[in-house]
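The structure appears right after this line, and notes come after that.
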Amino acid sequence: MSDCIFCKILDGDIPSAKVYEDDDVYAFLDISQVTEGHTLVIPKNHCENVYDLDDDTAAKLFKAVPTIARGIKAAFKPEGLNMLNNNGSFADQSVFHIHLHLIPRYDESDGFK
Ligand code: 5GP
Ligand code: ZN
Numbered sequence: 001m002s003d004c005i006f007c008k009i010l011d012g013d014i015p016s017a018k019v020y021e022d023d024d025v026y027a028f029l030d031i032s033q034v035t036e037g038h039t040l041v042i043p044k045n046h047c048e049n050v051y052d053l054d055d056d057t058a059a060k061l062f063k064a065v066p067t068i069a070r071g072i073k074a075a076f077k078p079e080g081l082n083m084l085n086n087n088g089s090f091a092d093q094s095v096f097h098i099h100l101h102l103i104p105r106y107d108e109s110d111g112f113k
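What the sequence shown shows, in the UniProt record's numbering, is residues 1 to 113, in sequence order.
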């Protein structure tokens with residue numbers, strides 16, 4: 001998708017801080033870190049959100065998550081990790097290429113609610 005920010009990241013047209021990559025999935029640090037290590041996980045195949053996510057892309061996307069989560073845990077040593085996914089502008093989706101937020105949690109004052 002030519003006007004998609006995350007496709008531009010995948011194409012290397014917009015720089016990103018890579019956390020993980022395989023043939024089907026890319027993970028990178030969110031430009032606006034809610035907490036240290038806030039990571040976005042996306043399929044390389046452009047899907048807008050959960051409503052047009054096909055089974056194969058969903059399986060590949062979620063299959064990568066435990067490895068990425070373990071990497072974040074090892075690198076940032078958080079106490080816990082929230083995973084969230086916004087679908088539709090009413091639900092606060094602002095980039096329409098599906099992505100999972102992996103948000104490390106440190107303590108009650110780490111800035112995330
Ligand atoms: P959403 O609100 O759609 O669930 O999340 C979109 C996320 O993408 C936001 O947390 C925002 O900070 C992040 N984001 C938007 N543009 C860029 C960018 O160019 N680079 C990176 N790394 N993150 C971005
Ligand atoms: Zn895209």
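By construction, the Cβ of each residue, glycine as well, lies at the ideal position given by its N, Cα and C atoms.
(request) Entirely within the UniProt domain "HIT" (5 to 113) and at least 4 residues each: give me those alpha helix (DSSP H) ranges in chain order. (result) 5 to 11, 55 to 76
(message) Assuming the contact rule is C-beta atoms closer than 8 Å, L40 and A59 should be a hit. Round their C-beta distance to whole Å, please.
(response) At roughly 19 Å, the Cβ-Cβ gap does not stay under 8 Å, so L40 and A59 are not in contact.
(message) Taking its Cβ as the centre, do 16 or more other Cβ atoms sit within 10 Å of residue 114, making it buried, or is it exposed?
(response) The shown model of the chain, from 1 to 113, leaves out residue 114, and the question about it has no answer.
(message) Determine whether the beta carbon atoms of K8 and D24 lie at a separation below 9 Å.
(response) no
(message) Rounded to whole angstroms, what is the Cα-Cα separation between H38 and L10?
(response) 18 Å
(message) What does the Cβ neighbour count give for I31, buried or exposed, with the cut at 16 atoms within 10 Å?
(response) exposed
(message) Measuring alpha carbon to alpha carbon, tell me which residue in K73, F96, L100 is nearest D3.
(response) F96
(request) Tell me whether P66 is buried or exposed, calling it buried when 16 or more other Cβ atoms sit within 10 Å of its Cβ. (result) exposed
(message) Counting beta carbon pairs with one atom in the region 70 to 84 and one in the region 46 to 58, are three or more of them shorter than 8 Å?
(response) no
(request) Could you tell me whether any non-hydrogen atom of ligand 2 is closer than 8 Å to the CB of M1? (result) yes
(request) Run the CB neighbour count on F90, radius 10 Å, all protein chains shown included, and call it buried at 16 or more, exposed below. (result) exposed
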